[in-house]
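Numbering (our numbering), first residue to last: 18 to 552. Have a look at the structure below before the remarks.
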């Protein structure tokens with residue numbers, strides 16, 4: 018598969034001399050200090066949270082597995098930084114708006130801030146794509162096999178395409194890995210239809226990944242044509258001469274859009290790493306991270322009231338379930354999405370059991386260690402079932418439906434939380450990744466897509482469209498590809514400017530985009546099957 022790409026490999030050495038500049042000794046020392054500081058902060062924060070929950074860390078295999086898994090997850094975000102974020106700095110570098118070192122530092126800082134200020138919606142949208150029955154085993158060997166297969170497959174493909182200088186989508190890679198794990202899990206469990214995956218959510222994300230490059234291409238081309246009509250300045254539509262910077266206002270726009278693209282990339286792509294790290298923490302240290310212990314006793318009591326009210330509302334609609342495995346009924350519904358007479362009674366029973374469990378212990382802190390993960394799984398299973406029921410015509414009265422939705426929202430608040438240190442760790446990894454390895458991708462975006470060098474107006478148009486597209490996707494919780502949107506935007510401006518496209522580069526990009534999903538599916542599926550045999 019990679020042989021075809023290798024044969025048409027993009028130039029290894031950047032053409033522009035501006036890309037030949039290397040970081041000095043002081044810059045390398047600063048990078049090393051930030052890297053060590055970020056890792057120490059992550060380790061100290063993790064141990065502090067564990068001790069605060071009453072769990073004393075012990076040196077041994079479990080702590081080693083946790084540490085390795087976190088390093089791999091942060092490594093994925095680090096690679097994501099120099100693989101995807103290089104697109105954000107390509108336009109400001111090639112239009113001489115900023116020197117490379119300044120552009121990369123600015124992009125890294127904005128990525129950092131984007132992760133810190135992210136909503137978390139994308140993180141849990143990614144997690145929701147994994148098979149529900151496998152998510153309920155996140156603390157088992159199958160759960161660890163899922164996590165390691167997902168991360169290693171994504172890292173291998175990202176590194177391989179980066180080495181070839183191909184700016185492919187980390188979002189495509191990650192989602193392909195999720196599909197591969199779903200298929201492999203279905204095969205191993207006797208279901209060949211990737212049972213348990215939220216295919217409606219997967220289709221929604223697939224549309225976003227497919228349409229966003231088209232939006233980037235068309236919108237950037239139209240914006241460039243609009244600028245040509247509105248601005249009577251021919252210099253804006255010609256290649257920069259030497260190291261001449263653009264006019265101050267277009268330079269300011271380029272810097273602002275570079276910052277915006279980097280911030281949007283951090284707030285969108287950074288959340289993928291956050292979701293994966295929370296999976297690792299829930300599976301390996303459930304007592305500390307399966308439930309949000311920062312919630313007040315009043316919030317816990319409110320959840321108890323909502324769960325009992327939802328149970329009573331469902332009992333008025335459906336008779337109680339007799340002698341059946343309530344959880345298995347809900348898991349079967351997740352797999353087949355086929356309604357059965359036992360579904361609503363089973364949901365009502367599970368929701369009521371959650372309330373009685375919390376009521377019996379009185380507070381989250383009093384929930385026994387061996388019951389924390391089970392309570393998290395029950396909340397996750399009931400909430401995902403309620404979400405799946407949104408499209409069903411159940412004929413529930415408004416009071417029953419309202420009680421279910423209120424319980425779901427409060428239950429998700431208990432399980433869908435992100436400690437601040439996790440955001441900081443991912444922000445460090447993504448920001449530091451921006452500082453290294455960016456030259457290959459920048460050379461492709463800046464010099465390989467069009468037959469002529471990028472003009473000031475082209476850079477501004479492509480970046481502005483990319484910033485707005487990713488920002489809109491983030492607000493809807495949709496993971497889109499910075500790489501695809503910006504590369505398509507650059508291509509659109511080249512066509513609109515009459516510069517033409519380099520057929521070889523475009524074919525390679527399209528080939529890489531087409532191969533990313535099947536390659537990630539095969540890699541992740543194969544690794545999950547392999548790891549499942551040993552874990």
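We treat Cβ as the ideally placed atom computed from N, Cα and C, and that holds for glycine.
Does residue i come out as helix, strand or coil in the three-state DSSP assignment?
{"i": "residue 467", "result": "strand"}
{"i": "residue 147", "result": "coil"}
{"i": "residue 518", "result": "strand"}
{"i": "residue 493", "result": "coil"}
{"i": "residue 113", "result": "coil"}
{"i": "residue 425", "result": "helix"}
{"i": "residue 155", "result": "coil"}
{"i": "residue 375", "result": "helix"}
{"i": "residue 72", "result": "coil"}
{"i": "residue 484", "result": "helix"}
{"i": "residue 395", "result": "helix"}
{"i": "residue 416", "result": "helix"}
{"i": "residue 533", "result": "helix"}
{"i": "residue 310", "result": "coil"}
{"i": "residue 234", "result": "helix"}
{"i": "residue 79", "result": "helix"}
{"i": "residue 434", "result": "coil"}
{"i": "residue 256", "result": "coil"}
{"i": "residue 303", "result": "helix"}
{"i": "residue 550", "result": "coil"}
{"i": "residue 160", "result": "helix"}
{"i": "residue 207", "result": "coil"}
{"i": "residue 67", "result": "helix"}
{"i": "residue 249", "result": "coil"}
{"i": "residue 186", "result": "coil"}
{"i": "residue 261", "result": "coil"}
{"i": "residue 181", "result": "coil"}
{"i": "residue 136", "result": "coil"}
{"i": "residue 478", "result": "helix"}
Can you give me the Cβ contacts of residue i inside the same chain, cut-off strictly under 7 Å, excluding the 5 residues immediately before and after it?
{"i": "residue 375", "result": "317, 320 and 321"}
{"i": "residue 299", "result": "155, 306, 307 and 393"}
{"i": "residue 382", "result": "310"}
{"i": "residue 190", "result": "171, 174, 175, 533 and 537"}
{"i": "residue 256", "result": "469, 470 and 472"}
{"i": "residue 380", "result": "314 and 317"}
{"i": "residue 516", "result": "467, 468 and 469"}
{"i": "residue 384", "result": "378 and 392"}
{"i": "residue 390", "result": "156, 303 and 307"}
Identify, in the order they occur along the chain, each residue of the same chain with its Cβ nearer than 8 Å to the Cβ of residue i, setting aside the five sequence neighbours on each side.
{"i": "residue 42", "result": "none"}
{"i": "residue 89", "result": "165, 168, 169 and 172"}
{"i": "residue 198", "result": "147, 148, 151, 163, 166, 167, 541, 542 and 545"}
{"i": "residue 370", "result": "343 and 395"}
{"i": "residue 519", "result": "465, 466, 467 and 468"}
{"i": "residue 3", "result": "Here the chain has residues from 18 to 552 only, and residue 3 is not among them."}
{"i": "residue 297", "result": "83, 86, 87, 90 and 164"}
How many whole angstroms separate the CB atoms of residue i and residue j, which I take to be in contact at a CB cut-off of 8 Å?
{"i": "residue 301", "j": "residue 79", "result": "7 Å"}
{"i": "residue 304", "j": "residue 76", "result": "That pair is no contact at about 18 Å."}
{"i": "residue 368", "j": "residue 280", "result": "Not confirmed; about 39 Å, so no contact."}
{"i": "residue 499", "j": "residue 483", "result": "7 Å"}
{"i": "residue 450", "j": "residue 96", "result": "6 Å"}
{"i": "residue 275", "j": "residue 474", "result": "Actually they are not in contact, since the Cβ atoms of residue 275 and residue 474 sit about 15 Å apart, beyond 8 Å."}
{"i": "residue 323", "j": "residue 354", "result": "Incorrect: roughly 25 Å between the Cβ atoms, too far for contact."}
{"i": "residue 486", "j": "residue 233", "result": "6 Å"}
{"i": "residue 93", "j": "residue 452", "result": "Between residue 452 and residue 93 the Cβ distance is about 17 Å, and since that is not below 8 Å, they are no contact."}
{"i": "residue 331", "j": "residue 361", "result": "6 Å"}
{"i": "residue 420", "j": "residue 237", "result": "That belief does not hold up - the Cβ atoms of residue 420 and residue 237 are roughly 47 Å apart, past 8 Å."}
{"i": "residue 439", "j": "residue 294", "result": "5 Å"}
{"i": "residue 271", "j": "residue 477", "result": "5 Å"}
{"i": "residue 135", "j": "residue 277", "result": "In fact, because the Cβ distance is near 15 Å, the residues do not count as touching under 8 Å."}
In its own chain, which residues sit with a C-beta less than 6 Å from the C-beta of residue i, not counting the 5 before and 5 after it?
{"i": "residue 242", "result": "513"}
{"i": "residue 444", "result": "129, 132 and 133"}
{"i": "residue 196", "result": "538"}
{"i": "residue 448", "result": "125, 128 and 129"}
{"i": "residue 348", "result": "150"}
{"i": "residue 115", "result": "109"}
Restricting to runs no shorter than 4 residues, where is the alpha helix (DSSP H) found entirely within the stretch 315-369?
343-353
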